[in-house]
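J.:
Number of protein chains: 2
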Amino acid sequence: MLNIKKPALLLNRDICKRNIRAMAAKAKAQNVIFRPHFKTHQSAAIGNWFREAGVIAITVSSVSMAHYFASHGWKEITIAFPANHLEIDEINQLASKINLNLLIESEETATFFKDMLTKECGFFIKIDTGYHRTGIAASNVPLINKVLQASKSPKLRFEGFLTHSGNAYHAHDKQELIAIQQHASENLLRLKEHFHPQYPDIILSVGDTPSCSQLPIAPGINEIRPGNFVFFDVMQFALGSCRLEDIAVALVCPVAAMHPDRQEAIIYGGAVHLSKEQTLLPPDPKPIYGLAISWDGKNWDTANLLGKVSSLSQEHGILSLTQQGCNLKPGNLVAVLPVHSCLTGNLMRKYLTLDGEIIETMNT
Amino acid sequence: MLNIKKPALLLNRDICKRNIRAMAAKAKAQNVIFRPHFKTHQSAAIGNWFREAGVIAITVSSVSMAHYFASHGWKEITIAFPANHLEIDEINQLASKINLNLLIESEETATFFKDMLTKECGFFIKIDTGYHRTGIAASNVPLINKVLQASKSPKLRFEGFLTHSGNAYHAHDKQELIAIQQHASENLLRLKEHFHPQYPDIILSVGDTPSCSQLPIAPGINEIRPGNFVFFDVMQFALGSCRLEDIAVALVCPVAAMHPDRQEAIIYGGAVHLSKEQTLLPPDPKPIYGLAISWDGKNWDTANLLGKVSSLSQEHGILSLTQQGCNLKPGNLVAVLPVHSCLTGNLMRKYLTLDGEIIETMNT
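Protein chains in written order, with the numbering used here: chain A, 1 to 364; chain B, 1001 to 1364.
1) Listing by chain order, which chain B residues have their CB less than 9 Å from the CB of Cys342(A)?
2) Tell me, to the nearest whole angstrom, how far the beta carbon of Val252(A) is from that of Asn332(A); I am working on the premise that it is less than 8 Å.
3) Following the continuous beta strand (DSSP E) through Arg13(A), name the residue where it begins and the one where it ends.
4) Check the DSSP bridge columns for Pro1338(B) and list the partner residues they point to.
5) Identify the continuous alpha helix (DSSP H) that holds Gly1047(B) and give its terminal residues.
6) Closest Cβ-Cβ distance between Arg133(A) and chain B: below 8 Å?
7) Anyone know if the C-beta pair for Leu305(A) and Val234(A) falls short of 8 Å?
8) Under 7 Å Cβ-Cβ, which residues of chain B neighbour Glu108(A)?
9) Under a Cβ-count criterion, where at least 16 other Cβ atoms within 10 Å of its own Cβ denotes burial, should Gln278(A) be classed as buried or exposed?
10) Is Asn101(A) helix, strand or coil when you go by DSSP?
11) Counting contacts by CB-CB distance shorter than 8 Å, is Lys1039(B) in contact with chain A?
12) Would you report the Cα separation of Val1055(B) and Leu1352(B), rounded to the nearest angstrom?
13) Alpha carbon to alpha carbon, how far is Ile127(A) from Ala80(A)?
14) Short check: CB of Ala257(A) to CB of Pro210(A), under 8 Å?
15) Please report the straight-line C-alpha distance between Phe69(A) and Lys1119(B), rounded to a whole angstrom.
16) At 9 Å on the CB atoms, spell out the chain B contacts of Met258(A), in chain order.
17) Would His85(A) pass as an interface residue toward chain B - the criterion being a Cβ-Cβ separation below 8 Å?
18) Note down the Cα distance separating Lys146(A) from Glu107(A), rounded to an integer number of angstroms.
19) Verify the CB distance criterion: does Pro1254(B) have a CB-CB separation below 8 Å to chain A?
20) With DSSP as the reference, identify every bridge partner of Phe123(A), one or two as the case may be.
21) In chain B, what lies closer than 8 Å to Ser61(A) by C-beta?
22) Roughly how many angstroms separate the alpha carbons of Glu1087(B) and Leu1094(B), rounded to a whole number?
23) Could you tell me whether the Cβ of Phe1112(B) comes closer than 8 Å to any Cβ of chain A?
24) Can you tell me whether DSSP reads Lys1006(B) as helix, strand or coil?
25) Would you check if the distance between the CB atom of Leu1188(B) and the CB atom of Thr1134(B) is smaller than 8 Å?
26) Spatial neighbours of Ser275(A) within its chain, please: C-beta separation below 7 Å, excluding the five flanking residues on both sides.
27) Between Arg243(A) and His1196(B), what straight-line distance do the alpha-carbon atoms span, to the nearest angstrom?
28) Given Pro260(A), which residues of its chain have a CB within under 8 Å of its CB, disregarding the five upstream and five downstream residues?
29) Determine the chain A residues that contact Gly1166(B) at a beta-carbon separation under 9 Å, and present them in chain order.
30) For Gly1345(B), does the three-state DSSP call read helix, strand or coil?
31) Measure from the alpha carbon of Leu100(A) to the alpha carbon of each residue in Gln149(A), Arg157(A), Asn140(A), then state which is nearest.
32) Just how far apart, CA to CA, sit Val1272(B) and Gly227(A)?
33) So with Cβ pairs under 8 Å, would you call Asn299(A) a contact of chain B?
34) Got a sec, what are the start and stop residues for the beta strand (DSSP E) Asn304(A) sits in?
35) Name the chain A residues whose beta carbon is nearer than 8 Å to that of Ser1064(B)?
36) Quick check on Asn1145(B) - is its C-beta less than 8 Å from some C-beta in chain A?
Encoded structure:
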């Protein structure tokens, strides 16, 4: 029995390792490089579980995160964020120790790093294949040519094209997800073909968990970089990427007050624990912030739904209770499956395994 | 000039101290107890600025936060969250050192603490005056009587009735805000009158920043507990509680990429820095996550709007740029006024003053 008194982020190690093994096996079976994104867990210890599954190359979202994982022995790191000019010193330090890949998407950035790098780095050109967050439009070959021109230097080694189909998170059904994946891979393949004469060995890298979980890897893709699948969460469940039983983390929270007249409970567990990320879970038309299920002191039980987190303030969560949930009392504990495990993990900064081990992160 | 390379939460000490002095002066002028909520800043150093303004009693939102501030010399603390049964040991430790007030809103909780407290505590009964998050409905005198009955013990000293008009955050205009405040204070005053024969000295405590900033304190109210006003933020600006020039914190972020074709920039500054709290800023019909203004290395300038944060992912923010903002380049810095300074402060865990001092918090 774990002695939990205030919100704690529990981690089921078996589920987590199963998720890692499944994605590693899929990449191996389809013969693509598996370069998982470590921004979800941010933990050296969990990183070691990936090593057990044969992973040697990783993705991170910041220079700080690259430094943390480099200090824990990772030698192949892509920073999947437009390279930050202001951290040139930290990037040079990293590049002197590991095989580092940057993301470049403008002439200015290419020129800056060509001039300022003291060690060789790889780089990907970030391609926008429909998400429209960042990257060069796949059709904009003139700009890609300019970036390649501006980056010509022994310090910058062109690795290939990289995209993140974040629009996969807005797919309404599997057909739409397939269409998004197909659109992205066709665009990347067209670029690869176009640049083949000058760059015959470049790789095509894709990233999102919904596509990587639900679909076969698209033909011609060389590398996948999913991250969230390590824990999954209610958003991925809503998207059809996982079952509730595949979610590896849950925030265990004390019940603080009951309001049976409106079938609500107040839990000690709010925006500073779960984050304010919300998702829709049809047919419910209202967004939710988590799903509360039972917790017996040793395990959570996805078959025993107690309520939906319908509202969050800084430390309070409101549960909209099921019939079962109405039996709760102040001082009981519930487990909340988070909507976005990356943000919940980042806020909680450490994990507690079901056998009571504390797993630290770069933020602990 | 501050040397900022990655997202940093800047604090303008002068604005912050001015906000503190103004609220302290208002409380003094209206002869009410000023018991500010420290969940916004969570910092012992900023707590000292309140001491300079004469504050001796404070409000916090968790037992952990009460321990932190007690260890920094605060002797009068109300934990404005339904008392957590599971932290009884930590509550007893606190009650042996300071004057601690708890919140009780059920017979079960009253009975539990009557039985389990080893030291005397004060308690408030949490009253719901229209927010419907938690608390006993002001009309439910029978339940209030039961709680008072169940708490009869030398260990539990009834201090009064406490409400948080969180519904003030949904007021569409000042008239509506006045109506919310009036409804809350009338309900509390009716209770005070009802219980006057048995409890002649109880106090009435109210809390929210919109009412405390915008309106005179309602007649008969004895204590105010606003928190957010110490920093203010874009949400309070949208509600009319402050000017942009009264916002004391800004997240300084590097520009990572420009997309002039769609008048957008990508900043290094995302949900793990700002939080995913959003607000409406009419007449714009779309919610925003922050306002980007210029930063010259020494100060931010609210008169120079560069863009709105229209979307956030884990580390990326998308700026929807003004004409002025379209001149930005990768490697520039912008200052983002946060939508909800409490959540941004909690995520960033420390502040950097304009003169380069690092101000720690309980989470640093």
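For every residue, glycine included, the Cβ atom is placed at its ideal position computed from N, Cα and C.
T.: Here's the rundown:
1) Ala1271, Val1272, Gln1314
2) So it is not a contact: roughly 11 Å between Cβ atoms.
3) It is not in any beta strand (DSSP E) - Arg13(A) instead sits in the alpha helix (DSSP H) that spans 13 to 29.
4) Gly1290(B)
5) 1044 to 1052
6) yes
7) no
8) Lys1329, Pro1330
9) buried
10) strand
11) yes
12) 24 Å
13) 12 Å
14) no
15) 48 Å
16) Ser1106, Glu1108
17) yes
18) 6 Å
19) yes
20) Leu102(A), Phe158(A)
21) Gln1314, Glu1315
22) 11 Å
23) yes
24) coil
25) no
26) His340, Leu343, Thr344, Leu347
27) 56 Å
28) Cys326
29) Ser313
30) helix
31) Arg157(A)
32) 16 Å
33) no
34) 300 to 312
35) Lys6
36) no
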